[in-house]
Amino acid sequence: MHNYLIAELVPKDFSIASNFEASLGNKKSKFFEVKQYIVDNIEAENVLKDLFVDPNYDLSISYSSQKPQSLYGNFKTGFKISYKPGVTDNSARILSEVLNEENVPSSVKSFSLYLSQDDLAEDELLMASENVYNKLIQNTQTFLVAENPNKNDELDFIPHFEDSKILEYFSREMTISELLDISDERCLALNEEEAKAILEYYNREDFESKRKELGLSADMTDVELEVLSQTWSEHCKHKIFNAEINYQKNNGENKKVNSLFKDYIKKSTKDVEEKFQIPWLKSVFHDNAGVVRFDKNVDLCIKVETHNSPSALDPYGGALTGILGVNRDILGTGMGAKPIANVNMLCFGDLDIPVKYPHLFPLGHLHPEVILKGVHKGIVDGGNKSGIPTVNGSITFDSDFSGKPLVYCGTVGVMPQSLNNGKDGFGKFTQAGDLAVVIGGGVGADGIHGATFSSLDLNESSPLSAVQIGDAFTQKRVSDFVIEARNRCLFTGITDNGAGGLSSSLGEMAEKTNGIKFDLSKCTLKYPGLKPWEIMISESQERMSLSVAPDQIDEFLKLASQYSVDAQVLGEFTSSGNLEVTYQGELVCFLPLNFLHDGLPKMKLEARESHGYQIEQVFAEKENAADFNYEELVYKMIGSSNIKSRDHFVSQYDQLVQGATFTRPYEGKNRSVTQNSSVISLRAHGGEEDNAISIAHGLNPKMSFYNAKEMTIRSFDEAYRNLITNGSSPEYTCGLDNFCWPDPIKSEKNKDGDFKLGMLVETCESLYDLCLEYGVPLVSGKDSMKNDYRGKNKNGDVKISIKPTLLVTLMSKCSTKKKFSSSFSLDNSKFYLVSKDVEKLNWSLAGSEFDRLFKSDNCKVSTSDISGARRYYERVSSSLNNGVFNTMHDISEGGLITTLLEMCFENKVGAKISFDHMKDQDLLINLFAESSFSFLCGVNEDNVSQFENEMEGYFIKLGQTTGGQSVEIKQGADEFSIDVQKASDLWSKKWF
Amino acid sequence: MVLKNVKVCVLAGDGLNCEQETAQAFSKFGVKSEIVHINSFVNDEANLLDFDIFALPGGFSFGDELGSSIVLSYKIKKYLLTDLEKFIQLGRPVVGICNGFQTLLSLKLFGNDFSNFGLVANRDHQFHNEISKLTVNQGRTFWTKDCPHSLNMISRHGEGRFYSSLETGTISLENVVFRYENNFNGSFDSIAGICNDQGNVLGLMPHPEVDIFDDNIESTISPSLIFKNAIDYSLELKNTEREVL
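Taken in order, these protein sequences are the chains called A and B. Under numbering that gives the first Met the number 0, residue 991 is the last one in the first sequence; the count climbs by one each step, no gaps. Under numbering that gives the first Met the number 0, residue 244 is the last one in the second sequence; the count climbs by one each step, no gaps.
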């Protein structure tokens with residue numbers, strides 16, 4: 000048996016240790032964390048002593064498993080947590096790197112000991128451990144401090160693999176249903192048509208004879224089957240967006256859609272480009288991210304991804320890998336872009352759902368609060384440790400997201416317009432004969448089947464191997480290296496390794512030269528025992544694939560080593576037309592690229608018009624609005640989970656690293672100036688002096704309950720208004736579409752799938768119209784199509800589907816010459832409603848936060864009329880930029896009244912408001928409706944006449960600010976008053 | 000613009016992430032600042048003594064995994080410390096910001112009074128991103144020459160609590176340069192930044208480099224003055240060095 004060395008970092012004073020308080024039935028107990036490392040080389044002692052010299056900690060090193068009790072002072076009981084073998088253990092990996100460099104090669108495992116001063120029983124300790132422990136990826140073990148805290152039940156440094164064949168063959172003579180069984184067993188997510196296409200191809204004579212020539216069996220290898228399945232997954236091929244759809248309208252007519260992607264998304268970009276004569280689109284839809292030119296010196300790219308399923312199972316790891324993944328997308332765009340801003344849009348179940356609906360909430364499902372905290376920590380670490388400012392985002396609560404949370408992660412990147420060799424920064428230049436190189440971390444068994452797993456619904460037996468933890472540090476090294484190698488022109492092409500692993504990254508790069516040949520045994524592995532198919536599709540993080548010209552490989556590898564980045568030459572790009580993969584000299588995969596990329600049969604789907612269809616809701620209780628007076632309603636709204644300040648969350652993000660953040664989410668000395676969009680200066684990134692970009696987004700899943708088209712308009716228009724408030728330029732605005740949908744394929748298990756697909760069609764139609772009206776080309780997008788949870792609750796079987804959600808992210812050009820604010824200062828004496836259709840306001844409470852919380856009769860949906868929107872916004876933008884009004888806040892979640900209150904908070908300004916010019920609408924509607932096209936604007940006394948002149952036809956007078964401490968509201972005979980301080984306290988009330 | 004004859008070295012690599020804006024914070028005052036990867040010192044491709052000012056920027060070296068700055072200061076101790084000590088002895092300016100401060104402190108470059116101090120997790124164990132109003136100990140070091148008594152800087156850290164678990168009764172606080180007016184992270188004596196006896200080594204948790212172009216309305220007085228001070232001092236120092244020669 001090995002002799003292990005146990006190193007422990009014990010705080011001299013436990014008040015500095017990380018701690019938490021656990022609720023254990025009717026008592027509470029506080030736990031303090033101690034970090035422990037187990038090293039399998041006893042020679043490590045001296046290095047450890049030189050390394051851990053923090054004066055606030057004692058380093059205790061022991062060899063036996065018995066610990067001197069004195070170290071733990073008054074502690075009595077505890078539990079320890081470690082990662083399961085094979086799960087990324089970042090601190091252990093770093094320690095092992097240090098020891099290896101000091102010529103003390105060691106494997107290291109890290110533990111967190113949590114100690115309590117109370118005498119707790121085993122079940123109490125286990126209950127407490129649930130605060131910090133995820134059984135999917137970690138082990139836990141309880142102990143009595145007096146007995147033997149360091150006895151370890153298991154001490155595996157690496158995973159053990161079942162001894163089975165390195166390469167497995169599947170008969171080409173099997174039936175379709177036999178192949179589908181294999182698909183189920185291996186989590187391949189193949190459908191019947193696809194299984195049929197694969198079997199047919201393997202039974203083709205020309206394919207058989209070609210394989211025979213190469214000495215390869217006519218049957219398919221496991222590597223080939225896995226490669227086909229990953230490449231053909233919904234995640235990688237977007238089959239639903241490319242499907243042929245028969246859309247049946249309620250009036251009996253049918254409409255054929257050839258491909259939602261081509262007919263609406265791609266077409267809108269082309270049509271907008273023509274209609275508005277846009278010269279700044281540089282690369283759209285065929286790279287990792289869209290590239291635009293908003294500056295004379297640099298180009299920009301932007302991409303938003305989702306990481307929903309992994310975040311449902313392991314919130315921290317899921318969010319972290321989501322962020323690092325989209326950062327790599329940017330790093331792999333064109334010839335490599337530098338990430339300059341992260342954005343995160345999150346949707347969670349209401350935090351009180353498990354308590355409010357104990358019988359309906361799925362058993363064994365993570366509590367929404369655990370998901371929220373884990374995802375948040377993942378974003379903190381993902382952005383902060385990568386040195387990328389997290390500048391924009393949102394958190395939306397809705398009951399249906401307790402089935403599956405949505406975690407949208409986006410990144411903006413900057414790249415030179417032309418490289419030092421004169422080539423376009425946004426291009427790719429891989430040639431046959433270039434070497435195929437992979438850089439970054441080693442390959443492990445983590446992240447296997449991520450692409451197919453996310454193409455299935457989430458259930459109790461979802462595979463653990465799809466979950467992984469990111470390593471921001473390794474990726475930062477990779478990122479620094481890529482940018483330097485790009486500046487020195489040391490590679491010819493680059494892409495990220497994401498879903499599908501090598502099979503996707505090299506498989507896609509091979510399309511450029513029409514072929515690739517490489518050897519899997521040249522890959523760096525995290526530990527031995529992986530089979531070729533696992534190496535091929537593993538999504539182990541922090542890796543990039545590149546093509547390097549043979550005469551530059553030495554310099555490339557030398558630079559990589561200077562940056563401590565592992566690089567492996569796996570093979571070369573060819574023009575053979577094939578994907579050829581070997582393992583230890585043996586051919587294990589031979590697939591013609593045209594079959595791999597174009598052999599996928601087109602799906603044929605049925606859709607129904609969704610008008611009249613009602614989404615089923617599992618959690619549907621609401622309070623009755625009539626039970627409260629206006630004051631009570633306003634206070635409830637301003638403190639509601641979707642309205643209140645998110646400063647607690649965003650102030651833990653590093654918003655300012657890279658020194659280019661001009662506008663961030665909460666500003667002012669009390670951080671109660673809510674900014675609608677974020678602004679990043681380009682000067683620090685090599686751009687023009689006063690040039691900047693603004694980023695904003697909008698989403699409105701609540702509206703899907705009523706109408707997909709209106710949901711689309713609200714989401715798009717909100718994002719657009721958010722941009723306008725920062726003085727952004729309508730001429731330079733691009734968009735991204737990210738769809739998160741419940742399963743839209745009708746089946747026995749999913750009876751209303753055709754209506755959900757109908758909503759998808761309607762959303763795409765509406766998005767097309769919006770892009771054409773607003774003049775916004777879509778430059779990138781993504782879809783996630785299986786956001787359903789199937790499981791059990793105390794009442795039996797339960798299925799929770801998210802509401803169809805379109806996230807619209809917009810990026811625009813703006814300036815740092817002037818800063819805009821959403822907060823009243825005292826001299827903003829008059830304020831107005833500015834809106835597109837003030838003559839015929841037709842607001843409704845449908846889909847509003849008010850509607851989510853309260854029952855009321857004002858929820859008839861009217862679809863917004865978008866015509867004239869561009870003209871209207873140009874007018875608003877030009878008046879704003881001319882300085883006619885300088886306080887502006889868009890009316891979104893919560894409605895007009897919460898918008899007004901938010902404008903009063905920072906400077907504790909009071910206001911008088913009268914709705915007498917809007918008296919055709921019920922006061923509840925005037926207060927709480929979330930209407931499109933609307934802003935509240937403050938205007939200085941001196942500018943009033945100019946404002947009224949310039950904005951004629953677009954405003955309604957509402958009132959004026961006062962020095963008082965209250966907002967006084969009046970409509971007809973109704974009058975009431977809201978205390979600004981009280982509202983502000985509710986708005987900024989602690990979350991936990 | 001003719002460049003002043005001062006060469007700044009900004010350390011980079013292994014997870015540091017503020018090197019670009021730190022280099023810009025110096026170069027906007029008309030000097031050449033070079034971003035140098037730590038491995039260039041390891042591989043003897045760069046020589047610290049060729050530079051006039053040394054800046055250790057913020058970031059997450061080695062992901063903060065074993066504790067902030069633990070591995071970076073170990074690496075510096077092994078490959079750079081001899082030159083760094085000489086550099087300091089020559090009186091040349093050294094600044095450590097955030098992760099750089101953590102590193103200089105664990106290398107014990109601030110003298111005996113601070114040798115029992117470390118920078119531990121903030122009192123609430125959370126990363127904070129906020130404007131800190133700082134009180135400046137004016138006149139203690141050239142770094143803060145002409146600084147107002149009170150200065151806004153932005154703090155962005157999770158482990159910035161200046162703390163000692165040992166007896167602190169007898170230490171001299173003369174070398175404290177910055178104190179938080181609102182001690183949000185629970186630091187001993189509200190300490191945000193300190194210097195060595197000579198005054199040429201400055202360490203601070205808040206980020207003076209963040210507002211490179213002074214265009215963010217949130218900070219009223221630009222803290223980038225401290226970079227200019229170091230450059231001016233360095234020019235003077237070089238003149239004296241020449242005279243001595």
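Virtual Cβ for every residue (Gly too), placed ideally from N, Cα, C.
Tell me which residues share the same chain as glycine 377(A) and place their Cβ nearer than 6 Å to its Cβ, disregarding the 5 neighbours each side in the sequence.
Here residue 377(A) corresponds to residue number 378 of the first sequence, with the count starting at 1. Result list for glycine 377(A): Tyr315, Ala318 and Leu319, in chain order.
Taking C-beta pairs closer than 8 Å, name the residues in chain A that serine 164(B) reaches, listed in chain order.
Here residue 164(B) corresponds to residue number 165 of the second sequence, with the count starting at 1. What serine 164(B) touches in chain A: Pro10, Lys11, Asp12, Ile15, Pro54 and Asn55.
Is the CB-CB distance between leucine 825(A) and glycine 937(A) below 8 Å?
For the purposes of this step, residue 825(A) is taken as the residue at position 826 of the first sequence. For the purposes of this step, residue 937(A) is taken as the residue at position 938 of the first sequence. Contact: no.
For isoleucine 744(A), three-class secondary structure by DSSP
The count along the first sequence starts at 1 and reaches residue 744(A) at position 745. Isoleucine 744(A): coil per DSSP, three-state reduction.
Of all Cβ atoms in chain A, is any one closer than 8 Å to the Cβ of isoleucine 105(B)?
Locating residue 105(B) in the second sequence gives position 106, where the first residue counts as 1. Checking the sequence shown, residue 105(B) turns out to be serine, not isoleucine. Output row for serine 105(B): interface = yes.
Just to confirm the assignment, what range does the alpha helix (DSSP H) spanning tyrosine 719(A) have?
As a working note, residue 719(A) is residue 720 in the first sequence. Start and end: 707 to 723.
Under a CB-based cut-off of 8 Å, is valine 209(B) close to chain A?
Numbered from 1 along the second sequence, position 210 holds the residue referred to as residue 209(B). Yes, its Cβ sits closer than 8 Å to a Cβ of chain A.
Grouping DSSP H, G and I as helix and E and B as strand, with all else coil, what is methionine 784(A)?
Residue mapping note: residue 784(A) aligns to position 785 of the first sequence, counting from 1. It is coil, neither helix nor strand.
If I measure Cβ to Cβ from isoleucine 175(A) and keep anything under 7 Å in the same chain, skipping five residues before and after, which residues do I get?
Taking the first sequence and counting its residues from 1, one reaches residue 175(A) at position 176. Once the five neighbours on either side are set aside, the close Cβ partners of isoleucine 175(A) are Glu191, Ala194, Lys195 and Leu198.
Determine the closest residue to isoleucine 799(A) out of Lys511(A), Phe360(A) and Glu129(A), with distance taken between C-alpha atoms.
Residue 799(A) sits at position 800 when you count from the first residue of the first sequence. Here the closest residue by C-alpha is Phe360(A).
What are the boundary residues of the beta strand (DSSP E) that includes tyrosine 246(A)?
By 1-based counting over the first sequence, the position of residue 246(A) is 247. That run of the beta strand (DSSP E) goes 243 to 247.
For the alpha helix (DSSP H) containing leucine 371(A), name the first residue and the last one.
Locating residue 371(A) in the first sequence gives position 372, where the first residue counts as 1. Note, leucine 371(A): alpha helix (DSSP H), 367 to 383.
Could you confirm whether any beta carbon from chain B is found closer than 8 Å to the beta carbon of glycine 382(A)?
Within the first sequence, numbered from 1, the residue matching residue 382(A) stands at position 383. Judged by the 8 Å Cβ criterion, glycine 382(A) is not in contact with chain B.
Runs of alpha helix (DSSP H) wholly within the region 835 to 903 of chain A (minimum 4 residues, chain order):
Those alpha helix (DSSP H) runs which fall completely within the region 835 to 903 of chain A and span 4+ residues are 848 to 852 and 868 to 880.
Just how far apart, CA to CA, sit proline 404(A) and aspartate 626(A)?
Stepping through the first sequence from its first residue, residue 404(A) is reached at position 405. Stepping through the first sequence from its first residue, residue 626(A) is reached at position 627. Here the alpha carbons of aspartate 626(A) and proline 404(A) stand approximately 32 Å from one another.
Within its chain, find whatever has a CB closer than 8 Å to the CB of arginine 476(A); leave out the 5 residues flanking it on each side and keep chain order.
Along the first sequence, read from residue 1 onward, the residue named residue 476(A) stands at position 477. Closer than 8 Å at the Cβ level, and outside the excluded window around arginine 476(A), lie Tyr562, Ser563 and Val564.
Can you give, in chain order, each stretch of the alpha helix (DSSP H) that sits fully within the region 28 to 109 of chain B and has at least 4 residues?
Unbroken alpha helix (DSSP H) runs of no fewer than 4 residues, entirely contained in the region 28 to 109 of chain B, are found at 37 to 41, 69 to 78, 80 to 88 and 98 to 105, following chain order.
Would you tell me roughly how many angstroms separate the C-alpha atoms of serine 640(A) and glycine 331(A), rounded to the nearest one?
The residue given as residue 640(A) occupies position 641 in the first sequence. The residue given as residue 331(A) occupies position 332 in the first sequence. Within the model, the alpha-carbon separation for serine 640(A) versus glycine 331(A) is close to 37 Å.
Would you kindly work out how many angstroms separate the C-alpha atoms of methionine 636(A) and arginine 851(A), rounded to a whole number?
Your numbering for residue 636(A) matches position 637 in the first sequence. Your numbering for residue 851(A) matches position 852 in the first sequence. Those two C-alpha atoms are separated by around 11 Å.
Do isoleucine 5(A) and serine 61(A) count as a contact pair if the criterion is CB distance below 8 Å?
As a first step, residue 61(A) is located in the first sequence; it is residue number 62 there, counting from the start. As a first step, residue 5(A) is located in the first sequence; it is residue number 6 there, counting from the start. In contact: serine 61(A) and isoleucine 5(A) (Cβ atoms closer than 8 Å).
When DSSP labels each residue in this structure, what does proline 619(A) get in the three-state scheme?
Along the first sequence, one-based indexing puts residue 619(A) at 620. In the sequence on display, residue 619(A) carries alanine and not proline. Coil, per DSSP.
Taking Cβ-Cβ distances below 8 Å as the criterion, which residues of the region 117 to 148 of chain B are in contact with chain A?
The region 117 to 148 of chain B vs chain A, Cβ under 8 Å: Gly117, Val119, Ala120, His124, Gln125, Phe126, His127, Asn128, Glu129 and Ile130.
Whose CA, out of Thr808(A), Gly780(A) and Ile41(A), lies closest to the CA of phenylalanine 715(A)?
Numbered from 1 along the first sequence, position 716 holds the residue referred to as residue 715(A). The option with the nearest alpha carbon to phenylalanine 715(A) is Thr808(A).
Between which two residues does the beta strand (DSSP E) carrying tyrosine 407(A) extend?
Counting from 1 along the first sequence, the entry for residue 407(A) is found at position 408. Annotation: the continuous beta strand (DSSP E) that includes tyrosine 407(A) extends over 405 to 415.
My parser needs the alpha helix (DSSP H) runs of 4 or more residues fully inside the region 63 to 114 of chain A; what are they?
Whole alpha helix (DSSP H) segments, 4+ residues: 89 to 100.
If the cut is a Cβ gap below 9 Å, which residues of chain B does leucine 94(A) touch?
Numbered from its first residue, the first sequence carries residue 94(A) at position 95. The contacting residues are Glu64, Leu65 and Val70.
Return no unless some Cβ of chain A is closer than 8 Å to the Cβ of glutamine 19(B).
Within the second sequence, numbered from 1, the residue matching residue 19(B) stands at position 20. Answer yes: the Cβ-Cβ gap between glutamine 19(B) and chain A drops below 8 Å somewhere.
Kindly indicate which three-state DSSP category aspartate 39(A) falls into: helix, strand or coil?
Here residue 39(A) refers to the residue found at position 40 when the first sequence is read from its first residue. DSSP, reduced to helix, strand and coil, places aspartate 39(A) outside both helices and strands of the structure shown, so it counts as coil.
With 8 Å as the threshold, decide whether the Cβ of alanine 683(A) is near any Cβ in chain B.
Here residue 683(A) corresponds to residue number 684 of the first sequence, with the count starting at 1. Output row for alanine 683(A): interface = yes.
How long is the line joining the alpha carbons of glutamate 184(A) and leucine 203(B), rounded to whole angstroms?
Here residue 184(A) corresponds to residue number 185 of the first sequence, with the count starting at 1. Here residue 203(B) corresponds to residue number 204 of the second sequence, with the count starting at 1. Taking the straight line from one Cα to the other gives about 57 Å.
Spatial neighbours of glycine 757(A) in its chain, beta-carbon cut-off 7 Å, leaving aside the 5 residues before and after:
Against the first sequence, residue 757(A) aligns to sequence position 758. The residues are Tyr246, Ala606, Arg607, Glu608 and Ser609.
Can a CB atom of chain A be found closer than 8 Å to the CB of phenylalanine 53(B)?
Start at 1 with the first residue of the second sequence, and residue 53(B) comes out as number 54. Among the residues facing chain A, phenylalanine 53(B) is not included, as its CB has no counterpart in that chain under 8 Å away.
With a Cβ-Cβ cutoff of 8 Å, do methionine 784(A) and aspartate 753(A) count as a contact?
Within the first sequence, numbered from 1, the residue matching residue 784(A) stands at position 785. Within the first sequence, numbered from 1, the residue matching residue 753(A) stands at position 754. Not in contact: methionine 784(A) and aspartate 753(A) (Cβ atoms no closer than 8 Å).
At a Cβ cut of 8 Å, what residues of the region 105 to 122 of chain A count as close to chain D, listed as they run along the chain?
Absent from the structure is chain D; the protein chains it does hold are A and B.
I want to verify the contact list: residues of chain A whose CB lies under 9 Å from the CB of glutamine 23(B), in sequence order.
By 1-based counting over the second sequence, the position of residue 23(B) is 24. Near glutamine 23(B) (Cβ distances below 9 Å), the residues of chain A are Gly658 and Ala683.
DSSP state of methionine 173(A) mapped onto helix, strand, coil
By one-based count along the first sequence, residue 173(A) stands at place 174. Correct three-state label for methionine 173(A): coil.
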